[in-house]
Amino acid sequence: MSQTIHFPFPTSSSSSSSLLTPFTSNPSWTLLPIGTKCLAQSKAFVHFQYQPTIWDARFVESLKTDYLPKTDMELLMKEKEKQVKGMLKKVSKPLEKLELIDVIQSLGISYLFEEEICKILENMYHDDDQKMNDNLYATSLRFRLLRQYGFHETQDIFDEFRHAKGGFKESITGNVKGILSLFEAAHLLSDGESILSEAIVFTRTHLLDNLSKSNSNINVNMANPIRRSLETPSHWRVQRSETRLFIEAYESHKTMNPLLLKLAKLSFNTAQAQHEMELRRISRWWKSIGITKNLNFARDRLVECFVSNIGCCWEPRYERCRIWLTKLLSFALVIDDIYDVYGSLEELELFTDAIDRWDCNAMEKLPHYMKICFLALYNTVNEMAFVILREQQFDILPYLTKSLSNSVNAMLTEAKWCHKGYIPTFEEYQRNGSVSSVGFVFLMAAFFATNQNINDGVLHAFESNHPLLYSSCLVCRLSNDLATSSAEIRRGEVASSIYCYMQEKNVSENDAREHVKGLIMEMWKEMNGFMFESSPFDRSFVDIVLNFSRTSLFMYQYGDGLGAEHSKSIEHVLSLIVNPIPIDEPTHKNSS
């Protein structure tokens, strides 16, 4: 039976007292006579295997598109880009500038106009005459966009809408568009920003109240966006998925601009065509290394891995990053299943030693299936390191292998907990779980793959598990636990954040889940601060880290998205990889 639960919003007294995004916990495995798993308390064994993929190599090879990058299409996009740049220069009113930037961003084409958008927002940030303090909608939109682009707009900008003694004015509750805008803006809060925490609770309460009233100020067109925001704030959603939804909705919007719509469709479809080509390359590589044939107990989720990495970095310039992360995530699932499902404790210790040593001679004592996995991983990671050494004259291999070693040692620790029946403290689980999630490996690989500036500060940040990285990895681990812990407990995997907190605090599973969801909110506050505060990382990489967190939330929001295909994960693949957006004449035109 599935469980539907929700994320909390922070309140002034507690970060875990209200409800938000649904998570569904469903088993993604079937009972079959293959593999063993220790049930720590009973010392019994359970046999199970993951479902086979529905997206096999034949499916991937069948993908065809009419939007392959061609000279005529590139010229058409360049022409449209030039026209949009002209639009950005012509707009003079502050609110119109903000709304145009917001639409461009929602349509997924802001990457084409980064310089122009940043210049406009920088001018607005330094110009007090453009603050529009009496307009809740405009003030909230301005606040959100400035923070998204790295400008530290303070929460005090909302004082105009609060009483002198504190608390938001009830008079703004009838402005549904304004309080929805404030609700979304407030989710870019950082640690200690109590006004924004209060704003989330205040706006959520009144948005729910308006939805429940038949005579409210909400029209039909606003009701659905409000419900979606209450389910998951836009700041937490996977942006690439949101782009597709927005393009389809924007086509029939009364303020639709045909130029923006056409450019957005061309951009989406040409990027999708590039993604299809990349996926075919990765699929052929995956088949050639023989992992699925030799380790058929493990998850084969190559397509889902690739789609999740589109969520992290979809832009055309990040081709290498998508390919690297897909390879590493595919390996991570297999290795996770070796440690969680199939390997004996003795085998796991040998495999961990081989990763620690990063030496082919360490393979001698491994069973055949582990030899296949280790050598394939060894060759793949070494090839990545060679590419960066050749291009940037820097050897990243010691950093990647150390991060991999940390991850498998954390997995081994969890396997030992299981075999010994040991239940760690919640804090102990968090520290280990953030590393066993393999998130640090992904983020490090993403950093090197996107040609970021390599310096001592960055290298130290990776070695010390910088708070930005740690928070994102913990969101990944806790999101996984929320979706899979019930099934894992039934399988004997007692070491999950939910179970550890239940045992340590002697509380119900529901109370433990609420605490974990509150912790996820705290991690978002931590990460948000690095959008506009000093850090060793460039903003482009901070965006990738945030996208990694968003993807983690999405993959586990409706179940174990990397365990078994479900309707939402299938829909995700179809919308981002398989089906282009039709480019027909829009149903409504506005030439202005």
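Heads up, the sequence shown is in the numbering used here, so the first residue is 73 and it goes up one at a time. A virtual CB, placed ideally from N, CA and C, is assigned to each residue, including glycine.
Based on Cα-Cα distance, which residue from the options lies nearest to residue i?
i: asparagine 481; options: Ile570, Asp412 and Asn454; result: Asp412
i: alanine 404; options: Leu469, Gln311, Val507 and Glu455; result: Val507
i: proline 608; options: Leu541, Ser621, Leu591 and Asn433; result: Leu541
i: arginine 276; options: Asn296, Glu303 and Asn454; result: Glu303
i: isoleucine 616; options: Lys437, Ser243 and Leu515; result: Leu515
i: cysteine 545; options: Leu625, Glu187 and Tyr571; result: Leu625
i: glutamine 220; options: Leu260, Leu417 and Ser360; result: Leu260
i: glycine 362; options: Ala129, Arg300 and Phe620; result: Ala129
i: leucine 283; options: Ser269, Ala258 and Leu252; result: Leu252
i: lysine 215; options: Lys191, Leu170, Glu186 and Met483; result: Checking the sequence shown, residue 215 turns out to be phenylalanine, not lysine. For phenylalanine 215, the nearest C-alpha among the options comes from Leu170.
i: phenylalanine 369; options: Tyr441, Glu186 and Lys492; result: Tyr441
i: glutamine 502; options: Gly529, Ser477, Glu153 and Asn552; result: Asn552
i: alanine 521; options: Trp396, Met145 and Asp467; result: Trp396
i: leucine 472; options: Leu147, Lys241, Ala457 and Thr485; result: Ala457
i: serine 134; options: Lys191, Arg356 and Met294; result: Arg356
i: serine 164; options: Met196, Glu187 and Asn478; result: Met196
i: glutamate 391; options: Leu422, Ser402 and Leu351; result: Leu351
i: leucine 618; options: Gln177, Gln123, Arg309 and Asp201; result: Arg309
i: cysteine 384; options: Gln464, Gln311, Ser477 and Thr125; result: Gln311
i: lysine 16; options: Arg353, Glu436, Glu418 and Leu417; result: Residue 16 lies beyond the residue range present for the chain, which begins at 73 and ends at 664; the question has no answer from this structure.
i: lysine 157; options: Leu184, Leu147, Thr137 and Leu179; result: Leu184
i: serine 182; options: Ile649, Thr315 and Val248; result: Thr315
Looking at the secondary structure, which residues open and close the alpha helix (DSSP H) in which residue i lies?
i: phenylalanine 423; result: 417-429
i: methionine 196; result: 186-198
i: glycine 590; result: 581-601
i: methionine 574; result: 569-577
i: glycine 250; result: 248-258
i: leucine 218; result: 208-220
With DSSP run on the structure shown, which of helix, strand or coil describes residue i?
i: phenylalanine 369; result: coil
i: arginine 392; result: helix
i: phenylalanine 117; result: Any reading at phenylalanine 117 needs caution, since the residue's pLDDT is 42, under 50, leaving its predicted position unreliable; the model's value is listed next. If DSSP states are grouped into helix, strand and coil, phenylalanine 117 belongs with the strands.
i: arginine 234; result: strand
i: phenylalanine 240; result: strand
i: tyrosine 122; result: strand
i: phenylalanine 609; result: coil
i: leucine 515; result: helix
i: lysine 165; result: coil
i: arginine 309; result: coil
i: glutamine 344; result: helix
i: isoleucine 335; result: Isoleucine is not the amino acid found at residue 335; the sequence shown has leucine there. In this structure, leucine 335 counts as helix in the three-state DSSP scheme.
i: glutamate 151; result: helix
i: glutamate 225; result: coil
i: serine 663; result: Residue placement at serine 663 is poorly supported in this model, since its pLDDT is 38, which falls under 50; the coordinates still yield a value, given next. Serine 663 falls in the coil class under three-state DSSP.
i: glutamine 524; result: coil
i: proline 94; result: Residue placement at proline 94 is flagged as unreliable, the pLDDT there being 40, under the threshold of 50; the coordinate-derived value follows with that caveat. It is coil, neither helix nor strand.
i: aspartate 128; result: coil
i: serine 536; result: coil
i: isoleucine 616; result: helix
i: cysteine 384; result: helix
i: alanine 404; result: helix
i: threonine 364; result: helix
i: phenylalanine 56; result: Limits of the chain in this structure are 73 at one end and 664 at the other, which puts residue 56 out of reach.
i: valine 453; result: helix
i: tyrosine 139; result: coil
i: methionine 627; result: helix
Assuming residue i and residue j form a contact by the criterion Cβ under 8 Å, report the distance between their Cβ atoms to the nearest whole angstrom.
i: serine 380; j: threonine 623; result: 5 Å
i: leucine 193; j: leucine 217; result: 6 Å
i: serine 306; j: glutamate 256; result: 5 Å
i: glutamine 227; j: leucine 268; result: 5 Å
i: leucine 160; j: glutamate 186; result: Incorrect: roughly 12 Å between the Cβ atoms, too far for contact.
Can you list, in chain order, the stretches of the alpha helix (DSSP H) that have 4 or more residues and sit fully within the region 456-501?
-> 469-492
Point to revise | Start-end ranges of the alpha helix (DSSP H) lying completely within the region 267-331, minimum 4 residues | key: 292-303 and 311-322
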